[in-house]
C-alpha cells in the first residue's frame with residue numbers, strides 16, 4: 001500500500017513537471033511569437049516610412065517639374081499675347097490713319113499747312129519787321145532783338161490784318177464732321193476707356209485709355225465732342241455718365257469733330273549763330289474753341 005502511494009505521488013510529480021515544462025514551452029513560444037510580430041511590425045513601419053519618403057520625393061519632383069513647365073508655358077503665352085497686342089495696336093493705328101486720311105478734312109489740313117509754310121517762306125524781311133515791331137526807322141541795321149518796355153510798339157496797332165496778340169480766338173469753326181461711333185465695352189456698365197471734360201460748354205474727350213474699349217475701336221481722338229449717347233442728346237458730363245451707366249455692353253456715341261485750325265499765329269525775328277536775323281512763324285493749332293485775352297502788356301518785344 002505504501003508503494004502504491006509512492007507510485008501515485010511519483011506520477012503526480014511527473015505530471016506536474018510535465019505540465020510545468022509544457023507551460024514554459026507555451027510561454028516561450030508566445031514570447032517568441034510576440035517578438036517576431038513586433039519585429040515584423042517595426043520592419044513594416046520602417047519599410048512604409050521609406051516608401052512614403054520615396055513617394056513624397058517623387059511627388060515633389062513631379063510637382064516641381066510641372067511648375068517649371070507651367071511657368072514656361074505661361075511665359076511663352078505672355079510673350080505671345082504681348083506680340084499679338086503690339087501687332088493689333090499697329091493694325092489699329094494703321095486703320096485709324098487710313099480712316100483719318102479718308103475723311104475730307106485730312107487733305108484740307110495738309111493743304112492748309114503747305115500754304116502756311118509757303119507764306120512763311122515767302123514773307124519779306126520788311127513785312128516780318130512790320131508785323132512784329134511795327135514801323136521801324138529807315139536804316140541799314142535791323143531792329144534790336146530786345147527793346148525796353150516803354151519803347152515796345154503795340155502789337156495790335158502794327159497791322160490791322162495781322163492776328164491780334166491781345167485777343168485771339170477760334171470761334172469761327174468750319175467743316176465740322178458728324179459721325180457715330182459704336183464702342184463695345186468689356187461688360188455692361190463698364191468703362192468706355194475715355195476721360196471727358198466740359199470745354200466751352202461741350203462734353204469733350206479729354207483722354208483715351210491705352211488698350212481700353214475706345215482705344216481698341218480706334219476712331220475717337222482727343223478733342224472730339226460727344227453730342228449724344230444712344231441717340232439721346234447730352235449737354236453735361238452728368239448726362240453722358242448716366243447714359244453710359246444705364247447703357248448696354250455696346251454703346252453708340254454721336255460725335256462732332258472739328259478740324260484743326262490756327263488759333264494763334266505770331267511772327268518773330270531770331271538771331272542765328274552766323275549773326276544774321278531770320279524770320280520765324282509760331283502757330284498754335286487746336287481743334288477746340290480757344291480764346292486768349294491780354295491782361296498786361298508784354299515786358300519786351302523781339
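Numbering (full-length UniProt numbering), first residue to last: 1 to 302. We put the beta carbon where it would ideally sit given N, CA and C, even for glycine.
Three-state secondary structure (DSSP) of residue i
i           : result
residue 59  : helix
residue 283 : strand
residue 276 : coil
residue 99  : helix
residue 15  : helix
residue 89  : helix
residue 176 : coil
residue 39  : helix
residue 249 : coil
residue 258 : coil
residue 265 : strand
residue 3   : helix
residue 182 : strand
residue 243 : helix
residue 306 : For the chain, the structure presents residues 1 to 302; residue 306 sits outside this window and is missing.
residue 135 : Here the model assigns residue 135 a pLDDT of 37, short of 50, so the residue's position is not dependable, and the following value carries that caveat. In this structure, residue 135 counts as coil in the three-state DSSP scheme.
residue 73  : helix
Member of the options whose CA lies at the smallest distance from the CA of residue i
i           : options            : result
residue 244 : 255, 264, 228, 272 : 228
residue 214 : 223, 183, 198      : 183
residue 222 : 280, 241, 256      : 256
residue 93  : 60, 9, 211         : 211
residue 181 : 268, 195, 217, 5   : 217
residue 269 : 259, 258, 282      : 282
residue 199 : 21, 235, 2         : 235
residue 196 : 239, 250, 189      : 239
residue 187 : 249, 237, 175      : 249
residue 189 : 242, 178, 179, 175 : 242
residue 252 : 192, 82, 274, 273  : 192
residue 178 : 232, 233, 254, 231 : 254
Local Cβ density within 10 Å of residue i, reported as buried at 16 or more and exposed below that
i           : result
residue 209 : exposed
residue 41  : exposed
residue 194 : buried
residue 247 : buried
residue 80  : exposed
residue 8   : exposed
residue 258 : buried
residue 219 : buried
residue 16  : exposed
residue 70  : exposed
residue 34  : exposed
residue 185 : buried
residue 151 : Unreliable positioning characterises residue 151 in this predicted model, as indicated by a pLDDT of 39, which lies under 50. The coordinate reading is nonetheless provided below. Exposed.
Inset, instruction - Within the stretch 184-237, note down every full alpha helix (DSSP H) run reaching 4 residues or more, in order along the chain. - result: 213-217
Legend entry - Contact the stretch 198-210 vs the stretch 222-240: 3+ CB pairs below 8 angstroms: yes
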